[in-house]
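Everything on this sheet refers to the single structure shown next.
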Amino acid sequence: MSTKILVIGACGQIGTELTTKLREIHGTDNVIASDINTRQLNLVNSGPFEIIDAKNFNAIKDCCKNHNIDTIYLMAALLSATGEKYPMEAWDLNMNSLFHVLNLAKGGTIKKIFWPSSIAVFGPTTPRENTPQHTISEPTTVYGITKQVGERWCEYYYNKYGVDVRSIRYPGIISYKAMPGGGTTDYAVEIYHDAIKKGRYKCFLSENTSLPMMFMDDAIKATIDLMQAPEDNLTIRSSYNLSALSFTPQEIFESIKAQLPEFSITYKPDFRQAIADSWPSSIDDSVARKDWNWKYGYDLDTMTNVMLKELKKKYKS
Ligand code: SER
9 MSTKILVIGA CGQIGTELTT KLREIHGTDN VIASDINTRQ LNLVNSGPFE IIDAKNFNAI
69 KDCCKNHNID TIYLMAALLS ATGEKYPMEA WDLNMNSLFH VLNLAKGGTI KKIFWPSSIA
129 VFGPTTPREN TPQHTISEPT TVYGITKQVG ERWCEYYYNK YGVDVRSIRY PGIISYKAMP
189 GGGTTDYAVE IYHDAIKKGR YKCFLSENTS LPMMFMDDAI KATIDLMQAP EDNLTIRSSY
249 NLSALSFTPQ EIFESIKAQL PEFSITYKPD FRQAIADSWP SSIDDSVARK DWNWKYGYDL
309 DTMTNVMLKE LKKKYKS
């Protein structure tokens, strides 16, 4: 029997590309996209789509029942910068949506869940370089707190109820299709757009702020690989550390400038600097490598090539 998938938050930065990939693998009709609104019209028109508020348990439950869903990817969340502006909304959405999905799986109809965690689970007391899988985790953002607590609940539901929930601590994700929204790592996407559109970029982080990052294709590959990995190989049921790139605003600027020599940058750090300063600069992902053969494909310059090529096309049309 083929699997039936529900993607919640399918119109977001990762959801958009994840849904497309899942439809390639499992067939369009076997992947139901859902979001609170229809902001990604391409996606909405390209296969089954339902309006679902991730905070609404009955809406998720009814959709799962109507479509015989057995696997859920829960991609809806309020990210770090927005979470600092709306702490209670971030807590409400990020936690309740997770509980809804975990409880459906506990009930037995849902067989597998993907739920993303983040480098935001770490905090200022965490070792910043090569941050280990198991380490001090005292997050100082609301977003980070929701992800840390969410990880604990995922592991709890696995241990206590046998819920097959799988998770990755995503670094900042860089892509050219849907824009990210409300994150601290968003600068690394904005910079490519402004390089093409304006030839200059005003960065909201300081030039030497190094953060873990990853190109979207690698993030999608990691997500699919983890979900396809044999259950017995998995040793982490909280969330896997995952690593690809680590760079500063100055380094990504230089990578772009090598192709667009006129490109210029200025720095004006805002409240997001404190968030970035509380996060690791590089991640040790040896457990993911060992358990499910994780390996990234894109380095900074390869990613810059693709980003500039695709965004040039986009802005031309
Ligand atoms: N990209 C996220 C953020 O900046 C981190 O997971 O909030």
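Take the sequence shown: its letter number 102 is residue 110 in my numbering, and every next letter is one higher.
Idealized CB from N, CA, C, for every residue including glycine.
Separation of residue j from residue i, as counted between CA atoms
i	j	result
GLY23	ARG245	22 Å
GLY191	LYS265	24 Å
GLY35	GLY207	41 Å
TYR169	GLY116	10 Å
ASN104	ASP61	11 Å
THR310	THR79	33 Å
ILE283	ASP194	12 Å
ASP299	THR231	14 Å
GLY305	LEU253	10 Å
PRO238	GLU270	49 Å
ALA196	ILE127	15 Å
LEU49	LYS322	16 Å
MET315	ALA203	11 Å
LEU101	ALA85	6 Å
CYS162	VAL15	18 Å
LEU219	HIS201	19 Å
ASN45	LEU308	33 Å
TYR94	LYS320	35 Å
LYS29	ARG136	33 Å
GLU32	ILE59	22 Å
ASN74	ILE228	27 Å
LYS177	LEU110	It is Arg, not Lys, that sits at residue 177 in the sequence shown. Taking the straight line joining both Cα atoms gives about 18 Å.
Residues near residue i by beta carbon distance below 6 Å, same chain, minus five either side
i	result
GLN141	ASN249, VAL295
ASN138	SER290, ASP292
THR148	GLY131, SER286
THR90	GLY190
PHE122	TYR81, ARG174, MET235
ARG4	Beyond the ends of the chain as shown, which are 9 and 325, falls residue 4; an answer cannot be given.
ASN216	THR256
LYS120	THR79, ASP172
Own chain residues within Cβ distance below 7 Å of residue i, not counting five before or after
i	result
MET224	GLU25, ILE181, ILE182, SER183
ARG47	CYS19
PRO277	PHE212, LEU213, SER214
GLU318	TYR184
TRP99	VAL150, THR154
LYS210	THR274, LYS276
SER145	VAL129, PHE130, GLY131, THR134, GLN156
TRP302	ALA230, ASP233, LEU250, ASP293, ALA296
LEU112	ILE68, LYS69, CYS72, ILE118
ASN313	none
First through last residue of the alpha helix (DSSP H) which encompasses residue i
i	result
CYS162	150-169
PHE107	95-114
LYS73	65-75
GLY23	21-34
GLN236	224-236
ILE199	195-205
LEU51	49-52
In DSSP terms, what residue i is bridged to
i	result
ASP249	At residue 249 the sequence reads Asn, which differs from the Asp that was named. Paired residues: ARG177.
ALA41	VAL15, PHE57
LEU2	What is shown of the chain runs 9 to 325, which leaves residue 2 out entirely.
ILE121	ILE80, VAL173
SER126	TYR178
THR139	ILE291
Where the beta strand (DSSP E) through residue i begins and ends
i	result
ILE80	79-82
TYR304	Per DSSP, TYR304 belongs to no beta strand (DSSP E) and is neither H nor E.
LYS210	208-211
Neighbourhood of residue i by C-beta, 8 Å cutoff - its chain only, sequence neighbours within 5 removed
i	result
GLU159	SER125, VAL129, SER175, SER246, SER247
ASP37	GLY55, PRO56
ILE199	TYR209, CYS211, PRO257, ILE260, PHE261, ILE264, ILE273
Checklist entry - In chain order, which continuous runs of the alpha helix (DSSP H) of length 4 or greater are located wholly inside the stretch 240-300? => result 257-265, 280-285, 294-300
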